[in-house]
Structure formats: structure tokens, C-alpha cells
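K.L.:
What follows is a single structure, and I will ask about it in a moment.
Number of protein chains: 2
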Amino acid sequence: MDPALARWIEEAARLFEAGGIPRMAGRALAFLLVAEPPEPTAKEIGEALGVSKGALSPALGYLVRLHLVERFRRRGERADRYAVRPGAWRKLLQEGIKVLGRYRELAERGLFLTGENPRLKEMRDFYAFLERELPALLAKLEGA
Amino acid sequence: MDPALARWIEEAARLFEAGGIPRMAGRALAFLLVAEPPEPTAKEIGEALGVSKGALSPALGYLVRLHLVERFRRRGERADRYAVRPGAWRKLLQEGIKVLGRYRELAERGLFLTGENPRLKEMRDFYAFLERELPALLAKLEGA
DNA sequence: CGTAGAGTTCTGTCTTGACAAAACTTTGTG
DNA sequence: CACAAAGTTTTGTCAAGACAGAACTCTACG
């Protein structure tokens with residue numbers, strides 16, 4: 001494979017990893033974004049990335065469970081194919097919004113434990129604000 | 001220390017860790033949110049958390065560098081004190097927006113390498129949208 | 001049903017990261 | 001300017017995670 005593309009994939013995987021996606025899953029996702037032809041099999045992914053199928057299988061399962069990637073089979077073929085789902089990025093952001101909720105809950109629980117505490121109040125108000133406003137932003141994207 | 005509070009701190013640290021903050025730094029940040037009295041020294045943090053000062057020092061430096069925590073010294077004392085900065089959460093979100101920019105750049109570089117590619121276009125458009133809209137959301141919070 | 005290829009799970013090895021303790025450096029005060 | 005306390009950096013040890021390869025299971029077709 002083109003070395004420039006190989007480097008792109010590694011860089012993408014590192015960025016995804018910083019966002020909480022396991023390394024191998026990030027590599028697979030990155031490859032699926034640029035694979036030519038698209039919709040490769042696990043075997044093709046493994047060969048392109050130079051990794052074993054034993055390591056790939058859980059990674060692909062992870063991406064499918066997150067609904068970032070879909071798994072399907074073409075008529076007459078006996079190997080599954082994989083593709084990035086349209087809307088994968090929105091899905092990822094929605095997960096992010098859920099995390100904001102956890103931050104807010106954490107702050108609320110902290111307030112319960114420590115009583116009035118300006119530091120925790122600021123935290124709670126901030127994340128409550130985002131939790132309230134971000135869905136509207138997503139809707140706006142939808143409309144556009 | 002109150003066991004419930006100790007559990008709260010560990011949980012907070014895990015949540016922060018998922019967001020990319022190193023474990024020890026997350027613990028310190030969590031403690032600073034609930035420390036009573038506030039503005040502890042490194043020694044007090046270490047004793048409360050049961051960790052060594054050698055592990056704490058880089059962690060506190062990290063939080064200070066990110067501008068999440070400030071380091072200062074009271075007149076007549078010879079140990080630094082630490083406190084969560086007001087606006088720390090906004091800062092954290094601003095860092096997040098920068099990361100969105102990296103996602104967009106990555107998609108653009110991928111488009112350059114592979115030519116027209118609907119998968120990458122969707123990715124680029126999504127992150128470009130967020131990068132454009134999120135600062136306005138922050139401004140709205142400012143005003144409120 | 002048997003077989004071959006696809007997919008998953010397990011196992012051993014290697015790498016990476018985390019932390020305590022110790023060594024070292026800096027800073028502030030008498 | 002010496003001493004003590006604070007802060008940083010280094011080092012050794014231990015735990016956790018990643019991955020290849022092997023073993024195993026499942027599925028589809030003959």
C-alpha cells in the first residue's frame with residue numbers, strides 16, 4: 001500500500017485512540033475510510049494493515065457494537081464485509097453528549113457529599129449547559 | 001478521609017482519564033474539587049490520596065500547564081498551594097474544539113491522498129460544522 | 001453430515017505505563 | 001551562606017494492554 005496512506009492510517013488511529021477508541025479498532029476504522037475498493041473483508045483489512053485476524057476480530061466487533069461500522073455479506077460470498085456507517089460521526093458525538101451527562105451527575109453527587117461548594121457548582125452548571133444545548137446543535141446539522 | 005468521598009474521587013479520576021487526563025492528574029484534580037479546606041499543598045494532597053510526592057509532582061505540573069489548576073504561594077509559607085481555576089471546564093472544552101480541528105484536517109489530508117471520497121467528505125463536513133458552531137455556544141455560555 | 005473457509009476465543013510473550021522510593025536540585029529563611 | 005523543607009527527576013519494580021499464533025467453533029455448501 002501507498003506509504004503516505006499507511007502513515008495517514010497510523011495517524012488517524014492515534015487520533016481515534018486519544019478519543020477512547022482502542023488502537024486496533026482505530027486502525028481498522030481508518031482503513032475503512034480510505035479502502036479502495038470500499039467494503040473490504042476482514043482478510044483484506046488484515047493484509048492491508050499487516051495484522052493478524054485474531055487481533056482484528058474483537059476490534060471489528062467493537063466498531064460494529066458502537067454502530068460506527070456495519071457488517072454485512074454479499075450474496076454468494078462467504079466472508080463478511082465491513083463499511084463505515086453513514087452518520088458514524090454523529091453517533092460518536094452522541095456518545096460524547098452522554099459522557100457530559102456523567103460529568104454533570106458526578107458534580108451533583110459531589111455536591112451531595114460535600115454540601116454547597118462553588119467549585120462543584122461551576123462544574124455542574126457548565127456540563128448541564130452543554131447537555132442542554134448540544135442536542136439542538138445536532139438538530140441544526142440535521143436540517144442543513 | 002470519608003470513604004464515600006474517596007470513592008467519589010476514584011470515580012471522578014476514571015472519568016477524567018477517559019477524557020485523556022492521566023490517572024494521577026485526574027485524582028489530584030478530583031481532590032482539589034472537594035478538598036476541605038480548599039487550596040491544599042502537594043503534601044496534603046499526597047497524604048489525602050495516599051500517593052507519593054514523586055508521582056504527584058508531574059501530575060500537578062500537567063494540570064498547571066493545561067491551565068486547569070493554578071499554583072500559588074501564600075505569604076510566609078514555603079509550600080505551593082493548588083486550586084482548580086475558575087473557567088477550567090471552559091478551557092477543557094476549548095481544548096476539545098482544537099481536537100475537532102485535527103479531525104477535520106485529517107479528513108482533508110485523506111481527501112488529498114485518495115481523491116473524492118464520500119466517506120471522508122462526510123467526516124470533514126461534520127467536524128467543520130462543529131468547529132464552526134461550538135465557539136458560538138461557548139460565547140452564549142459566557143453571556144448567561 | 002463432512003469439509004473448508006470464516007470468525008472467535010485463548011494463550012504466551014513482549015511492550016508500555018504507573019508508581020514508590022531514592023537521589024538530586026531548588027528555594028526560601030535565619 | 002548554610003540548612004531544611006519543597007519540588008523535580010530518575011530508577012527499579014510491578015501491573016496492564018497489545019498482539020501474533022494456535023486452538024477452537026461456527027456456518028455454508030457440496
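In order, the protein sequences belong to chains U and H. Once you know that position 78 of the first sequence is 78 in full-length UniProt numbering, the rest is easy, because the numbers rise by one and skip nothing. Once you know that position 66 of the second sequence is 66 in full-length UniProt numbering, the rest is easy, because the numbers rise by one and skip nothing. Note that beta-carbon positions come from the ideal geometry of N, C-alpha and C, so glycine has one too.
#1: How would you list, in chain order, the residues of chain U whose beta-carbon sits under 7 Å from the beta-carbon of R109 of chain H?
#2: So is R74 of chain U buried or exposed if we call it buried at 16+ other beta carbons inside 10 Å?
#3: Taking the alpha-carbon positions, what's the L97 of chain U to A128 of chain U distance?
#4: Report the neighbours of Y41 of chain H on chain U: residues whose CB is nearer than 8 Å to its CB, in chain order.
#5: Strictly by DSSP, which residues pair up with Y82 of chain U?
#6: If you measure between the beta carbons of P86 of chain H and E122 of chain U, is that distance less than 8 Å?
#7: For D125 of chain U and E116 of chain U, what's the separation of their Cα atoms in angstroms?
#8: Quick one: is E36 of chain H near chain U, going by C-beta distance under 8 Å?
#9: Buried or exposed: A30 of chain H, going by 16 or more other Cβ atoms within 10 Å of its Cβ?
#10: May I have the straight-line CA-CA distance separating E133 of chain U from F16 of chain U, to the nearest angstrom?
#11: Need the endpoints of the alpha helix (DSSP H) that P135 of chain H sits in, please.
#12: If you measure from the beta carbon of V84 of chain H to each beta carbon in chain U, is any gap under 8 Å?
#13: From the beta carbon of F31 of chain H, is the nearest beta carbon of chain U less than 8 Å away?
#14: In chain order, what residues of the same chain lie with their CB nearer than 7 Å to the CB of L104 of chain U, ignoring the 5 residues before and after it?
#15: Using alpha carbons as the reference points, say which of U:R109, U:A4, U:P38 and U:A25 lies closest to L56 of chain U.
#16: Quick one, which of U:K140, U:A28, U:L68 and U:F112 has its alpha-carbon nearest E47 of chain U's?
#17: Can the beta-carbon of A83 of chain H be found closer than 8 Å to that of E95 of chain H?
#18: Just to confirm, is the Cβ distance from G20 of chain U to A12 of chain H under 8 Å?
#19: Can you tell me the Cα-Cα spacing of E44 of chain U and L92 of chain U, whole angstroms?
#20: The alpha helix (DSSP H) with A13 of chain H in it runs from where to where?
#21: Who are the near neighbours of R81 of chain U in its chain, counting only those whose CB is closer than 7 Å to its CB and skipping five residues on each side?
#22: With DSSP as the reference, please indicate the residues paired to T41 of chain U in a beta bridge.
#23: Would you mind working out which of U:A79, U:L68 and U:R65 sits nearest K53 of chain U, comparing C-alpha positions?
#24: Counting only beta-carbon separations shorter than 8 Å, does M1 of chain H have a partner in chain U?
#25: For E108 of chain U, which option in H:L33, H:T114, H:L49 and H:A59 has the closest C-alpha, if you only look at C-alpha atoms?
#26: Between F129 of chain U and chain H, is there a C-beta pair that is closer than 8 Å?
P.N.:
Answer, in terms of the structure:
#1: W8
#2: exposed
#3: First, the amino acid is wrong: residue 97 of chain U is Ile here, not Leu. The straight-line gap from Cα to Cα measures roughly 10 Å.
#4: Position check: residue 41 of chain H holds Thr in this sequence, whereas Tyr was assumed. Here the premise fails: no neighbours, minimum Cβ distance about 17 Å.
#5: U:R71
#6: yes
#7: 13 Å
#8: yes
#9: buried
#10: 25 Å
#11: P118 to G143
#12: yes
#13: no
#14: The residue you asked about is not Leu; residue 104 of chain U is Arg in the sequence shown. Contacts found: R124, Y127, A128 and E131.
#15: U:A25
#16: U:A28
#17: no
#18: no
#19: 25 Å
#20: P3 to A18
#21: E39, P40, T41, F72, R73 and R74
#22: U:R81
#23: U:A79
#24: no
#25: H:L33
#26: yes
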